[in-house]
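Colleague:
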Amino acid sequence: MAKTGKDKAGIYRQTLLDGLWRENPVFRLLLGMCPTLAVTAAVRPALTMGACVIFVLLCSNIVITLMRDLLKPHLRILMFTLTIATFVTIADLFLKAFQPEMSEKLGPYVPLIIVNCIIICRAEVCASKNAIAVSVIDALAMGVGFTVTLCVLAAVRELLGSGTILDARVMPRAFVPWAAMGMPVGAFLTLGLLLGMVNYLTGRKA
Amino acid sequence: MDTLQTLTVGFIAIVVVKNLVFTKFLGICPYLGVSGRIDMAFGMGLAVTFVITLSGTMTWLIDHLLLIGTPLEVTRYVCFILVVAGAVQLVEMYLRKFFPSLYESFGIFLPLITTNCAILGLCLFLNLWRVNSLLEAVVLSFGAGIGFTMAICVMAGIRENLKLADVPACLKGAPITLITAGILAMAFMGFSGMIR
Numbered sequence: 211m212a213k214t215g216k217d218k219a220g221i222y223r224q225t226l227l228d229g230l231w232r233e234n235p236v237f238r239l240l241l242g243m244c245p246t247l248a249v250t251a252a253v254r255p256a257l258t259m260g261a262c263v264i265f266v267l268l269c270s271n272i273v274i275t276l277m278r279d280l281l282k283p284h285l286r287i288l289m290f291t292l293t294i295a296t297f298v299t300i301a302d303l304f305l306k307a308f309q310p311e312m313s314e315k316l317g318p319y320v321p322l323i324i325v326n327c328i329i330i331c332r333a334e335v336c337a338s339k340n341a342i343a344v345s346v347i348d349a350l351a352m353g354v355g356f357t358v359t360l361c362v363l364a365a366v367r368e369l370l371g372s373g374t375i376l377d378a379r380v381m382p383r384a385f386v387p388w389a390a391m392g393m394p395v396g397a398f399l400t401l402g403l404l405l406g407m408v409n410y411l412t413g414r415k416a
Numbered sequence: 051m052d053t054l055q056t057l058t059v060g061f062i063a064i065v066v067v068k069n070l071v072f073t074k075f076l077g078i079c080p081y082l083g084v085s086g087r088i089d090m091a092f093g094m095g096l097a098v099t100f101v102i103t104l105s106g107t108m109t110w111l112i113d114h115l116l117l118i119g120t121p122l123e124v125t126r127y128v129c130f131i132l133v134v135a136g137a138v139q140l141v142e143m144y145l146r147k148f149f150p151s152l153y154e155s156f157g158i159f160l161p162l163i164t165t166n167c168a169i170l171g172l173c174l175f176l177n178l179w180r181v182n183s184l185l186e187a188v189v190l191s192f193g194a195g196i197g198f199t200m201a202i203c204v205m206a207g208i209r210e211n212l213k214l215a216d217v218p219a220c221l222k223g224a225p226i227t228l229i230t231a232g233i234l235a236m237a238f239m240g241f242s243g244m245i246r
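Chains as they are written, first to last, in my numbering: chain B, 211 to 416; chain S, 51 to 246.
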């Protein structure tokens with residue numbers, strides 16, 4: 211009994227670590243690139259986006275893990291998508307009601323969480339095969355991993371693009387903002403270089 | 051004459067000026083995944099163009115005939131994603147029957163068109179930009195598909211040549227593709243003054 215308990219704890223820890231670093235959705239699996247690039251011009255929208263993704267991922271993982279025995283193989287993707295779409299609608303309505311400004315700023319990228327590959331990928335790989343505890347931990351780990359990555363990218367872009375972080379001035383007054391960082395160009399370049407850096411660091415360790 | 055002008059301007063705008071890949075970051079996943087070879091990129095582009103035109107038109111009709119102005123508006127996203135998934139299924143069945151070799155080479159990426167953000171994104175943008183005529187919706191959807199095809203083919207061409215280049219080990223694969231995309235995006239910014 212004690213042994214199975216330990217095994218379980220091991221599985222939980224592994225799931226957690228996988229989500230946060232070893233299988234980090236953005237750096238490792240290259241999933242969910244569209245929102246990653248689109249909402250990271252500043253930290254605040256990136257955080258909001260991360261929170262939405264965590265909410266949707268958690269809820270959809272719970273629902274899917276509960277109905278995993280009822281799913282027919284050829285209909286499962288459709289069921290995943292419908293579940294996710296429902297929760298995204300909830301998140302979108304919530305944002306519109308309580309954070310109208312942010313909702314305006316994020317625009318269509320909130321509904322686009324529906325087609326964020328991370329969520330479908332987790333539903334397919336984890337939630338439809340595992341019990342509820344593992345699915346919840348996986349959702350949290352993946353969601354937090356995604357959010358942290360988003361924030362790192364956003365921090366770099368906001369710092370260089372406007373000299374602020376979370377709208378607070380950080381760079382000295384003499385700093386000339388790099389306008390390109392706020393534009394699509396900056397998004398692509400920063401993510402490319404960050405990926406390269408991660409590859410370099412992990413490659414050297416191995 | 052006026053309509054024709056609006057349509058032409060809209061078409062050019064969505065193909066080059068507001069290209070979904072370079073300015074709205076939509077459809078990045080297949081853009082990174084399938085842009086290795088130019089023939090596959092072209093096939094993918096055509097499939098996406100077809101699906102995007104079909105689903106853009108359908109969702110516009112559903113939106114304007116059924117949803118707008120009724121309490122059903124909250125089900126918009128669910129309806130949209132169902133239409134997109136249905137359209138992808140249609141393309142998949144067609145390709146499997148008539149072009150089995152192309153079907154084989156797409157592999158997992160074909161069903162993944164469903165989760166191509168460019169398609170759902172365009173449907174949402176049609177709603178957001180308050181496109182009011184069916185004709186305009188069709189032309190914009192088609193243009194978005196053409197824009198995607200162009201972007202992915204340009205990238206595939208560059209990547210085929212990139213194989214010969216001496217890229218640092220840590221930048222191989224996705225990073226260098228992203229950096230290339232960044233430079234391409236910068237080039238496409240040059241079009242932005244063309245249409246106000």
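Every residue, glycine too, gets a C-beta built ideally from N, C-alpha and C.
(1) With Tyr127/S as the anchor, note down where its alpha helix (DSSP H) starts and where it stops.
(2) Are there three or more Cβ pairs, one per stretch, closer than 8 Å when the stretch 386-395 of chain B is compared with the stretch 274-286 of chain B?
(3) How would you write the range of the alpha helix (DSSP H) that Ser191/S sits in, first residue to last?
(4) Taking Cβ-Cβ distances shorter than 7 Å, what residues in chain S pair up with Leu240/B?
(5) Any chance the CB of Asn271/B is under 8 Å from a heavy atom of the ligand COA?
(6) DSSP beta-bridge partners for Arg379/B?
(7) One question on the structure: do Ile294/B and Ile330/B come within less than 9 Å of each other, judged by their Cβ atoms?
(8) Does any C-beta atom of chain B lie closer than 9 Å to the C-beta of Met239/S?
(9) Using Cβ-Cβ distances below 7 Å, what residues of the stretch 123-138 of chain S are close to chain B?
(10) Please list, in chain order, the chain S residues whose beta carbon lies closer than 7 Å to that of Leu399/B.
(11) Might you give, ordered along the chain, the residues of its own chain that have their beta carbon closer than 6 Å to the beta carbon of Phe265/B, omitting 5 neighbours on each side?
(12) Check each residue of the stretch 55-85 of chain S: if its Cβ is closer than 8 Å to any Cβ of chain B, include it; give the result in chain order.
(13) Where do the N-terminal and C-terminal ends of the alpha helix (DSSP H) with Gly317/B fall, by residue?
(14) Does Val66/S pass the burial test, meaning 16 or more other C-beta atoms within 10 Å, or should it be called exposed?
(15) I want to know whether the stretch 93-110 of chain S touches the stretch 212-230 of chain S - three or more CB-CB distances under 8 Å.
(16) Take the Cβ of Pro121/S as the centre, count every other Cβ of all protein chains shown within 10 Å, and call the residue buried at 16 or more, exposed below.
(17) Would you mind listing the beta strand (DSSP E) stretches within the stretch 251-277 of chain B that are 3+ residues and don't spill past its ends, in chain order?
(18) Classify Gly119/S: buried if its beta carbon has 16 or more other beta carbons within 10 angstroms, exposed otherwise.
(19) Whole angstroms are fine: how far does the CA of Leu276/B sit from the CA of Glu210/S?
(20) Closer than 8 Å between beta carbons: that is the criterion. Which residues of the stretch 283-304 of chain B meet it against chain S?
(21) By the three-class DSSP mapping on this structure, what secondary structure does Pro394/B have?
(22) Using the three-state DSSP reduction, which class does Glu368/B fall into: helix, strand or coil?
(23) Starting from Thr165/S, find everything on chain B with Cβ-Cβ shorter than 7 Å and list it in chain order.
(24) Would the stretch 318-325 of chain B and the stretch 235-255 of chain B be scored as touching if the rule is three or more Cβ pairs under 8 Å?
(25) In its own chain, which residues sit with a C-beta less than 7 Å from the C-beta of Pro255/B, not counting the 5 before and 5 after it?
(26) Return no unless some Cβ of chain S is closer than 9 Å to the Cβ of Ser270/B.
(27) Using only the alpha-carbon positions, how far apart do Leu176/S and Gly220/B sit?
(28) Under 8 Å: do the stretch 375-393 of chain B and the stretch 187-201 of chain S share three or more Cβ pairs, one atom per stretch?
(29) Are Ala47/S and Phe72/S close, meaning C-beta to C-beta below 9 Å?
(30) Are three or more beta carbon pairs between the stretch 80-87 of chain S and the stretch 197-207 of chain S nearer than 8 Å?
(31) List the residues of chain S that Gly402/B touches, going by C-beta distances under 9 Å, in chain order.
(32) Can you tell me whether Cys178/S is buried or exposed, with buried defined as 16 or more other CB within 10 angstroms of its CB?
(33) As a quick exercise: from Leu160/S, Val189/S, Glu123/S, pick the residue whose alpha carbon is nearest that of Ile54/S.
Modeller: The answer reads as follows:
(1) From DSSP, the alpha helix (DSSP H) with Tyr127/S extends over 126-148.
(2) No, the stretch 386-395 of chain B does not touch the stretch 274-286 of chain B.
(3) Looking at the DSSP string, the run of the alpha helix (DSSP H) that includes Ser191/S is 184-212.
(4) Near Leu240/B (Cβ distances below 7 Å), the residues of chain S are Leu82, Ala224.
(5) Absent from the structure shown: the ligand COA. Ligands present: none.
(6) The partner list for Arg379/B (beta bridge, DSSP) reads Thr374/B.
(7) Cβ distance < 9 Å, so Ile294/B and Ile330/B count as in contact.
(8) Interface residue (Cβ-Cβ distance to chain B less than 9 Å): Met239/S is classified as such.
(9) For the stretch 123-138 of chain S, which is checked against every Cβ of chain B, the residues closer than 7 Å are Val124, Tyr127, Val128, Ile131, Ala135.
(10) Per Cβ cutoff of 7 Å: Ile229, Gly232.
(11) So the qualifying residues of the chain are Ala301.
(12) Going along the stretch 55-85 of chain S in chain order, one finds Phe72, Thr73, Lys74, Phe75, Leu76, Gly77, Ile78, Cys79, Leu82 with a Cβ nearer than 8 Å to chain B.
(13) No residue range can be given for Gly317/B, since it is assigned to no alpha helix (DSSP H) and is classified by DSSP as neither H nor E.
(14) Buried is the label assigned to Val66/S, since at least 16 other Cβ atoms lie within 10 Å of its Cβ.
(15) The answer is no - the stretch 212-230 of chain S does not touch the stretch 93-110 of chain S, with fewer than three Cβ pairs under 8 Å.
(16) Its Cβ having fewer than 16 others within 10 Å, Pro121/S is exposed.
(17) Within the stretch 251-277 of chain B, no run of beta strand (DSSP E) at least 3 residues long lies entirely inside it.
(18) By the C-beta density criterion, Gly119/S is exposed, having fewer than 16 other C-beta atoms within 10 angstroms.
(19) Roughly 46 Å between the two C-alpha positions.
(20) Residues of the stretch 283-304 of chain B with a C-beta atom less than 8 Å from some C-beta of chain S are Ile287, Leu288, Thr291, Leu292, Ala295, Thr296, Val298, Thr299, Asp302, Leu303, listed in chain order.
(21) The answer is helix: DSSP assigns Pro394/B an H, G or I state.
(22) Looking at Glu368/B - three-state DSSP - the assignment turns out to be helix.
(23) Simply Val325, Cys327, Ile330.
(24) The answer is yes - the stretch 235-255 of chain B touches the stretch 318-325 of chain B, with three or more Cβ pairs under 8 Å.
(25) Val249, Met312, Lys315, Leu316.
(26) Not closer than 9 Å to any Cβ of chain S, the Cβ of Ser270/B fails to qualify, so no.
(27) Cα-Cα distance, rounded: 48 Å.
(28) Not touching, per the Cβ criterion.
(29) The shown model of chain S, from 51 to 246, leaves out residue 47/S, and the question about it has no answer.
(30) Yes, the stretch 80-87 of chain S is in contact with the stretch 197-207 of chain S.
(31) At a C-beta separation below 9 Å, Gly402/B has these neighbours in chain S: Leu221, Ala224, Pro225, Ile226, Thr227, Leu228, Ile229, Thr230, Ala231, Gly232.
(32) The residue you asked about is not Cys; residue 178/S is Leu in the sequence shown. Exposed: under 16 other Cβ atoms inside 10 Å.
(33) Note that residue 54/S corresponds to Leu in the displayed sequence, not to Ile. Comparing alpha-carbon positions, the option among Leu160/S, Val189/S, Glu123/S lying closest to Leu54/S turns out to be Val189/S.
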